[in-house]
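What follows is a set of notes on a single structure, which appears directly below.
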Amino acid sequence: MSPWLLGPVQAALALLLAPGLVGAIRWMKARLQNRSGAPPWQPYLELRKLFAKEVVVSNNASWLFRAAPFIVFGSTVAVTLLVPLLAVPLPFDGAGDLLVVVYLLLLGTFFLALAGLDPGSPFGGMGASREMTVAALAEPTMALAIFALAWSAGSTNLGHIAARVLATPTEALAPGHVLAFAAIFVVTLAETGRLPVDNPATHLELTMIHEAMVLEYSGRYLALIEWAAALKLLVFFTLLGNLFAPWGIAAALTPGALLWAVLTLVLKLLALGGVVALVETHIAKLRLFRVPELLSASFILALLAVTASFLLR
Amino acid sequence: MGLLSKILRTGIVTEPLGAGDSEVVHLVREVDAEARRLFGRALGIREVDSGSCNGCEIEITGLMSPVYDSERFGFHFVASPRHADLLLVTGPVTRNMEVPLRKTYEATPDPKLVVAVGDCARTCGVFAGSYAVAGSVDSVIPVDVFVDGCPPEPTHILRGILTALQSGRA
Amino acid sequence: MSPELVSQLSVGGSTLVLLAGLAMLWRRGVRAHIGAFTAQSVALAATTAMVGWFTGDWQLWAVAALLLLIKGVGIPILLERMARRFGTERELEPYVNTATSLLVGGLLVLLAYLVTAPLVSVSQLPTRTGMPLAMGLVFVSLFVIISRKKALTQVLGFLMLENAVALLAVLGTHGIPIIVEIGVFLDVALGFIVMQVFVYQIHETFESIDVEQLNRLRE
Amino acid sequence: MRALFLLLIAGYASGAAAALALGSGALSRWASALGAIVGASAGLALAAGVCIRGATFSLDAPGFFGPVGGMAFTLDSLGAVFLALTSLVAAPSALYGAGYARLWEGRPALRQVGFMLNVFLLTMSLVPLADGTLTFLLVWEGMSLSSYFLVMTESDQPEVVSAGQWYLAMTQIGLACLLGSFLLLQSGGPGGFSALRAAALTLPPGTRDAVFALALIGFGSKAGLIPLHVWLPRAHPAAPSHVSALMSGAMIKMGIYGLLRVSLDLLGGGPAWWGGLVLALGAVSALLGVLYALMEHDLKSLLAYHSVENIGLITMGVGAGLLFGSLQMPAAATLALVAALYHTVNHAVFKALLFLGAGAVLHATGMRDMNRLGGLIRGMPWTAALFLVGSAAISGLPPLNGFVSEWLLFQSLLPGIGAPSPLVAVLMVLSLGMLALTAGLCAACFVKAFGITFLAIPRSPEAAAAHEVSWSMRAGMVVLAVACLVLSIGAFEIVPRLSSFVAPLVGVAGPAPSFSVGLALQTPGGFARMSPALVAAGLALVVLTAWLAVKAFASRRPVRVGETWGCGRVVQTPRMEYTATAFAEPLRRIFAAVYRPSEDVSIDFHPDSRYFVQSISYHSAIVPWFERYLYAPVISRIRSWSERVLALQSGSAHAYLTYLVLALVLLLGWLVVTGQP
C-alpha cells in the first residue's frame with residue numbers, strides 16, 4: 044500500500060469505528076446497570092436516521108449555524124489524518140504534531156460554541172460558556188502532558204513518540220509516562236463530555252455542557268456533530284492507546300501487519316471504553332464549580348509527569 | 026468494589042424476549058421489527074407533560090427501567106424536540122401548556138409521530154371542564170395513537186408506540 | 004536490579020507516596036483522607052522494601068515490615084475508630100480552596116525540586132532521583148497542617164510529614180539504623196496518642212473537631 | 102532605497118499638509134488617506150528591499166535638528182521587520198480611516214485627525230530607522246505626542262480626557278526612563294548606535310543592569326507590560342478605531358523593538374536573570390491580560406486587554422531568547438526570537454483587523470457595550486465574517502497566522518527543560534502552563550467577543566438597525582484578513598528570513614538555522630515538524646469533501662425555519678440570551694482569587710412581609726488589584742503634593758505638555774552643552 048494512501052484509509056477507518064465505540068461504551072454501561080441495552084451498533088442506525096430527517100433551523104440563526112457542523116466535523120476528521128491509528132511511519136507526520144491535534148480540536152470546539160450562541164437560546168449560551176471554560180482549563184494539563192511525553196521521546200510529532208516507545212519498551216512504564224497517561228485520561232473525560240464533567244445521557248438542560256450547545260440542531264447537522272463527537276472520543280482514545288502503549292501498531296504497510304494493527308486498535312479502544320464505562324458507573328457528575336478541582340488534579344498529575352522526567356534525565 | 030460485585034450478583038434483569046408472558050413477548054418482537062423498518066431502529070422520543078398528574082410519567086419511567094429497557098429497541102428519550110421522532114404526550118392540555126405543546130410539535134422535524142398517553146390525554150379525565158384545562162391533546166396537535174389507561178402500563182405504552190409506527194404516517 | 008531501574012522505581016514509588024499526600028488536598032471526606040494515608044504508607048513500605056532488595060540490607064526489610072504493620076494497618080484502624088466516634092465531618096471550607104490548594108501543592112513540589120537540586124547533584128545513590136518528591140511531600144504535609152481546619156486532618160498531615168521524612172531518609176541515605184527508626188516509630192506513636200487525646204478533648208468541649216472553634220477560648 | 106525613504110517622508114508629509122490645507126470635507130479625508138497610503142507603500146517597499154536583499158540602508162541628515170547634532174537613519178533587518186509591520190497596518194488603516202472619518206465631516210476633528218494621523222505614522226515609521234539616541238528619542242516622543250492628540254480626538258467626553266491623562270503620564274514616565282537608560286549607556290560618548298554598541302562592551306556590569314532595567318520600564322510602559330499597561334485599556338477605547346488599530350497593531354510593538362534593540366543589539370545580551378525576568382513578566386502579562394479581557398464587556402477595552410496578553414506572549418519569546426542566549430543555546434534562542442518576531446507581525450495584523458471591526462460596529466451602532474449588541478451578523482455580514490477571521494486568528498486556531506506563531510512559541514519553550522539550571526527548567530514549565538492556559542482562555546474570550554456581539558438576537562434597537570459600513574472600511578479589513586491567511590501559509594518562507602535576521606544577535610556562528618523544510622516548519626534537531634500550508638489544505642479538503650458528501654447522500658428535504666427551541670416558552674426576547682457578563686461568569690467564579698470582585702446585593706422587602714421582595718439590585722465591580730495597590734496610593738500622594746504646586750497648574754493638558762516638551766528640550770540642550778556631536 045502506498046504510504047500516501049494511509050491517510051485517507053486512517054480517516055475512513057476512524058469514521059467507521061467511531062460510532063461503534065460510542066455504542067460499545069453505551070452497551071457496556073447498560074450491562075453494568077443490569078440492562079440488556081441497545082446493541083453496540085445502535086449509533087450507526089441513529090446516524091442513518093438523522094441523515095434522512097428534515098432539518099429545522101431557528102429563525103434567529105445565521106449562516107454560521109449551518110457552516111459550523113461542517114467545520115466541527117472537518118476539523119475532527121483532519122485530526123484523524125495526523126494521529127497514529129494504524130502504522131508508525133505516518134505519511135502526514137511532517138504536517139502536524141501533537142499541538143496541531145490539540146488546536147484542531149480547539150477549532151471544532153470554538154465553532155461549536157459559536158453555533159450554540161447563534162440561535163439566541165439561553166441553553167446554547169450556557170453550553171457555550173461552560174464548554175469554553177472547561178476547554179480552557181484543560182489546556183494547561185494537555186500542554187504539560189505533551190511536554191512530558193515529548194521530552195522523553197525527543198519530539199512532539201506523534202509518529203516519533205509512538206516509535207520511541209516501541210523501540211524502548213521500558214519507557215512505557217517510566218513514571219513520567221504513566222503520570223502523563225493519567226493526566227491525559229482525565230483531560231479526555233473533560234474534553235469529550237463524559238462523567239464526571241458532563242453527563243452524555245442527561246435530559247436536564249441546566250446540567251448540560253455539550254448537549255446544551257446542540258439542542259438546536261436537527262437532521263443531518265446533528266448527525267455531523269454527533270459523529271464528530273464520537274470521532275473526538277476515538278481520537279483521544281487512540282492517543283491514549285497508541286502513544287502510551289503502541290504495541291500492535293504496524294511498522295510496515297503489509298496487509299498482515301495492518302490487519303493486526305486494526306485488531307489491536309479495536310481491542311485498545313474497547314479496553315479504554317470499558318474503563319470509561321466503569322468510571323461512569325461508579326461516580327456521579329461533579330457540580331460545575333467543582334470541575335476546576337478535577338482539572339487542577341489532572342494538572343498536578345501532568346506537573347508531576349514533567350517533574351519525573353526532569354528527575355530521570 | 027462493593028458496587029461491582031453487586032452488579033455481578035444481580036445480573037441482567039431485563040425481561041428477555043423469549044420467556045414470560047407470551048403476549049408481551051409477541052408485542053416486544055413486533056415492536057422490534059417495526060422500529061427497524063420505520064426509523065432504522067432508532068427512535069428519539071420526547072416526553073411532553075402537558076398537565077398530567079405524573080402517574081403516566083411514573084409508568085413511562087418504567088419503560089426506561091432495567092426491566093423493560095426500551096433502549097434495546099433503539100428507543101431513547103432525547104433532550105430536545107429537534108432530536109425527536111416521536112412525541113409522547115401525557116395529561117389533559119392545560120391552558121398554560123397549550124402554546125408550549127404546539128411549539129414542541131412545530132419544533133420537531135419531519136417525519137414525526139404523536140402518541141398521547143393516558144385517559145386524560147383523550148378525555149381530560151377528572152380534570153374535564155376545569156377552567157384551567159384547554160382540552161384533549163388532539164384538540165391542540167394531531168395525534169396518531171391514544172394509549173388508554175389511568176395510568177397505562179409500560180407494555181401498553183409500548184403497544185401504543187408500536188401502533189403509531191405501524192400507522193405509517195411517517 | 005540495574006541502577007537505572009532502581010532510580011525509575013524510586014521516582015515511581017515516591018510519586019505514589021506524594022500523590023497520596025496530594026489526594027489529601029483534593030478530597031474532602033475523612034474516610035478518603037484515611038484511605039489516602041493508608042495507601043501512602045503501603046507505597047512507602049513498598050519503596051523501602053525495594054531499596055532493601057537493591058541494597059540487600061535486612062534492616063530496611065524490617066523497617067518496611069514495621070511501616071506496613073504500624074502505619075499501613077495499625078494507625079488506620081485507630082483513625083477509623085476516631086472517625087466513627089466523631090462522625091464523618093467533612094473538610095468543607097478549608098482556609099485555602101481545593102483548586103488553589105492543589106496548585107499550591109504543585110508549586111511546592113517544584114520548589115522542593117529546586118531546593119534539593121544541590122543535594123541530588125552531590126549524591127551518588129541511584130535512589131537520589133526520588134528525593135525531591137519526598138521533600139515535596141514534606142512541604143505538602145506542612146501545607147495540609149496549616150490550611151485545613153479539622154483536627155483529624157491535621158493529625159493526618161502530621162503523620163504524612165513523618166512518612167515524608169522516612170522516605171527522605173530511605174532514599175537519601177538508604178535508611179537509618181533500625182534502632183533509630185524504632186525510636187522514631189515510638190515517638191510517632193506517642194505523638195499520635197497525645198494528639199488523639201487532644202482531638203477527643205476538643206470534641207468534648209466543642210462538639211466539633213474544627214480547630215477554628217479554639218478561637219472561642221479567647222473570649 | 103534613498104528614493105523610497107524620501108517617498109515615505111513625502112507621502113506622510115503631503116498627507117498631513119493636505120489635511121490642513123483642504124478643509125474638513127470629503128476631499129481632505131481622501132487626500133490625507135492617500136498620502137498615508139503612499140507613505141506606507143513606500144515604507145513597505147523599503148522594508149522589503151532591506152529584508153530581501155539583506156543590505157542595510159543608511160542616511161545621515163545632519164541638517165535636520167542641526168543644533169542638537171542632526172539626525173541619522175539606518176534600516177537594518179531587525180528594524181525592517183518593524184517598519185514592514187507598521188506599513189502593513191498603516192495602509193489598510195488609512196484606507197479604513199478615510200471612510201471612518203465621514204463621521205467628522207464639517208468639524209475641526211477631521212483636519213486634526215488627518216494631520217495627526219500622518220504625523221503619527223511618519224514618526225512611528227522612523228522609530229525603527231533611528232540610528233542614534235537623539236534621533237530615536239525625538240521620533241519616539243513625536244510618536245507618543247501625536248498619538249496622544251489622536252486619543253484626545255473626542256476630548257469633549259470626560260472619559261476620553263481621563264484616558265488621555267493616563268496615557269500621557271505613563272508615556273512620559275516611560276520617556277524619562279528611556280532618557281536615563283540612554284544617558285547611562287552613552288555615558289558621555291557619542292550617541293550613534295554603532296558607537297553605543299562598542300561602548301556597551303566596556304560598561305561595568307552594574308551600569309549595564311541599570312541600562313537594561315530602565316529600558317525595560319521605558320519600553321515596557323509603551324508596550325503595555327503588566328503592571329505598566331494601565332493606559333492601554335483606557336486609551337484604546339477612547340481613540341478613534343483606526344487609531345486604536347494602529348496603536349495596538351503597530352505602536353506598542355515599538356516597545357518590543359526598543360527592548361530588542363537595546364538589550365540584544367546594543368548591550369549584546371546579558372546575564373540570565375534579564376531573560377528570566379522578561380520571560381516571567383511576559384507570562385504574567387499574558388495570563389492577567391486575558392483574564393481581565395474576559396471580564397470586559399466593552400468591545401474595545403476587551404481588545405485592549407488582549408493587546409496586553411499578546412504583548413505578554415511576544416515578551417515571553419523575547420525573554421526566552423535572552424535567557425537561551427545567555428545560556429549559550431543559540432539555536433533555541435534564535436527560535437524563541439523568531440517566535441516573538443513572528444507573533445509581533447501576526448498580532449499587528451489580526452489585532453488591527455479586530456480593532457477595525459470593532460470600529461465598524463461602533464460606527465454602525467454607536468455602541469461598544471457588548472451587552473447591548475448582538476445579531477449584527479445579519480446587518481453587517483462582511484464585518485462579521487472579517488471579525489470572525491480575526492477572532493480565530495488571535496485564538497491561535499489553525500489555519501490562521503496566530504496558530505503558527507503560538508506553535509513556534511510553544512516549541513521555543515520546550516528546549517528550556519534541557520537547560521542545566523533547574524531554576525530555568527522550572528521557569529519554562531510554569532511559563533508553558535501559563536501559555537497554554539492563556540491560549541485556552543483567549544479562545545473562550547473570543548467566542549464571547551464574536552458570539553455576543555454578532556450572533557443571536559439584537560439586544561438593543563441600535564443593534565437591530567445596524568447597517569454595513571462603507572466599502573473603504575471593508576476594503577481595509579479585507580486586506581488584513583487576507584494577510585492573516587497569507588502569513589500562515591507562507592510561514593515556511595517567512596520563518597527562515599526572520600531567523601537570518603535575529604541569529605546574529607544571539608551569537609549564532611555561521612549560517613542561521615532555517616527552521617524550514619519544504620512546506621513545513623522544523624525546530625532544531627528535528628524536534629517537531631508542522632506545516633501550516635498542509636494543515637490549511639487538509640482542512641479545506643476535508644470540509645469540502647464533507648460538504649459535498651452530505652449534499653449528495655443526505656436527505657434532500659428542504660430546511661424548515663422554525664422558532665428557537667426554548668422549552669415552549671411563549672416569546673423569545675433578547676433578555677433571555679446569554680450576555681457577555683453571563684458568558685464569563687463561570688470563569689469569574691473560578692478565578693475569584695485573582696479578580697477579587699466586589700459584590701453588592703441589596704434586596705428591598707415589602708414592608709409587611711419579608712416573603713415579598715420588591716426589588717433586588719446587584720452590583721459587581723472588578724478593580725484590578727495592581728491599580729488598587731500600586732497606582733491608587735501613588736496618585737493620591739501626587740494629588741496632595743500637586744495641590745501645593747498649584748501655581749503651575751492652569752488646568753489645560755496642553756500647558757502640561759508644554760512643560761514636558763520644555764523639559765525634553767532642556768535635557769537635549771544639556772546633551773549639546775556637554776559636547777556630543
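These protein sequences, in sequence, are chains A, B, C and D.
All you need for my numbering is the position in the first sequence, starting with 1, plus 43.
All you need for my numbering is the position in the second sequence, starting with 1, plus 25.
All you need for my numbering is the position in the third sequence, starting with 1, plus 3.
All you need for my numbering is the position in the fourth sequence, starting with 1, plus 101.
The C-beta atom is built at its ideal place from N, Cα and C for all residues, glycine as well.
Beta carbon of residue i nearer than 9 angstroms to that of residue j
i        : j        : result
D:Cys350 : D:Val450 : A small fix is needed here, since residue 350 of chain D is Gly in this sequence, not Cys. The answer is yes: Cβ separation under 9 angstroms.
D:Val275 : D:Ser322 : Note on identity: in this sequence residue 275 of chain D is Gly, with Val being the wrong assignment. Yes.
C:Ile148 : C:Leu82  : no
D:Trp551 : A:Leu157 : Reading off the sequence shown, one finds Phe at residue 551 of chain D, where the question assumed Trp. For D:Phe551 and A:Leu157, yes; Cβs fall inside 9 angstroms.
D:Pro334 : A:Leu147 : no
A:Asp161 : D:Ala118 : no
Residues near residue i by beta carbon distance below 8 angstroms, same chain, minus five either side
i        : result
D:Leu477 : Val462, Ala465, Thr466, Thr484, Ala485, Thr554, Phe555, Pro559, Ala564 and Ala567
A:Phe135 : Gly50, Leu124 and Leu125
D:Leu640 : Pro499 and Pro500
Start and end residues, alpha helix (DSSP H) containing residue i
i        : result
D:Met468 : Per DSSP, D:Met468 belongs to no alpha helix (DSSP H) and is neither H nor E.
A:Ala181 : Pro165 to Ala196
B:Asp144 : Asp144 to Thr148
A:Val145 : Leu141 to Leu160
D:Asp310 : Pro306 to Ala324
B:Ile186 : Pro179 to Ser192
C:Arg87  : Ile78 to Phe89
Extent of the continuous beta strand (DSSP E) run through residue i
i        : result
C:Gln127 : C:Gln127 -> no beta strand (DSSP E), and no H or E assigned at all.
D:Cys663 : Looking at the sequence itself, residue 663 of chain D is Gly, so the reference to Cys does not match. It spans Arg661 to Gly663 - the beta strand (DSSP E) in which D:Gly663 sits, taken as one unbroken run.
D:Tyr732 : From DSSP, D:Tyr732 is part of no beta strand (DSSP E); its letter is neither H nor E.
D:Glu700 : Ser699 to Phe706
D:His343 : Run containing D:His343: none in the beta strand (DSSP E); it sits in the alpha helix (DSSP H), Ser342 to Leu347.
D:Gln715 : Val714 to Ala722
B:Glu82  : That residue, B:Glu82, is in no beta strand (DSSP E); its alpha helix (DSSP H) goes Gly80 to Met89.
6 angstroms CB neighbourhood of residue i in its chain, flanking five on each side removed
i        : result
D:Glu664 : none
D:Ser721 : Pro698 and Glu700
C:Leu164 : Ser144
7 angstroms CB neighbourhood of residue i in its chain, flanking five on each side removed
i        : result
D:Met417 : Leu380, Gly383, Ala384, Ala387, Leu510, Ser532 and Leu536
A:Val99  : Ser261
Completely contained beta strand (DSSP E) runs for the stretch 592-637 of chain D, where each covers 3 or more residues:
Counting whole runs of 3 or more residues, the stretch 592-637 of chain D contains the beta strand (DSSP E) stretches 621-623.
Alpha helix (DSSP H) runs contained entirely in the stretch 149-223 of chain D, provided each spans 4 or more residues
Qualifying alpha helix (DSSP H) stretches, in chain order: 178-201.
With a floor of 4 residues, list each alpha helix (DSSP H) that falls wholly inside the stretch 351-422 of chain D, ordered by position along the chain.
Those alpha helix (DSSP H) runs which fall completely within the stretch 351-422 of chain D and span 4+ residues are 353-360 and 373-396.
Segment contact, 8 angstroms Cβ cut-off, at least three pairs: the stretch 620-634 of chain D with the stretch 369-386 of chain D
Too few Cβ pairs lie closer than 8 angstroms, so no.
Under 8 angstroms: do the stretch 235-242 of chain D and the stretch 209-220 of chain D share three or more Cβ pairs, one atom per stretch?
At 8 angstroms Cβ cutoff, the stretches do not touch.
I'd like the ranges of any alpha helix (DSSP H) spanning at least 4 consecutive residues and lying wholly in the stretch 275-333 of chain A.
For the stretch 275-333 of chain A, whole alpha helix (DSSP H) runs of length 4 or above, ordered along the chain, are 298-325.
Taking only runs that begin and end inside the stretch 53-96 of chain A, name each unbroken alpha helix (DSSP H) of 4 or more residues, in chain order.
Within the stretch 53-96 of chain A, the alpha helix (DSSP H) runs of at least 4 residues that lie entirely inside it are, in chain order, 85-95.
Do the stretch 438-448 of chain D and the stretch 182-199 of chain D touch if we need at least three Cβ pairs shorter than 8 angstroms?
Look at the beta carbons and you see the stretch 438-448 of chain D touching the stretch 182-199 of chain D: at least three pairs across the two are nearer than 8 angstroms.
Taking contact to mean 3 or more Cβ pairs, one atom from each stretch, closer than 8 angstroms, check whether the stretch 50-69 of chain C and the stretch 167-178 of chain C are in contact.
With a cut-off of 8 angstroms, the stretch 167-178 of chain C and the stretch 50-69 of chain C count as touching, because enough Cβ pairs lie within range.
Tell me the start and end of each unbroken alpha helix (DSSP H) in the stretch 654-694 of chain D that is at least 4 residues and wholly inside, in chain order.
For the stretch 654-694 of chain D, whole alpha helix (DSSP H) runs of length 4 or above, ordered along the chain, are 681-691.
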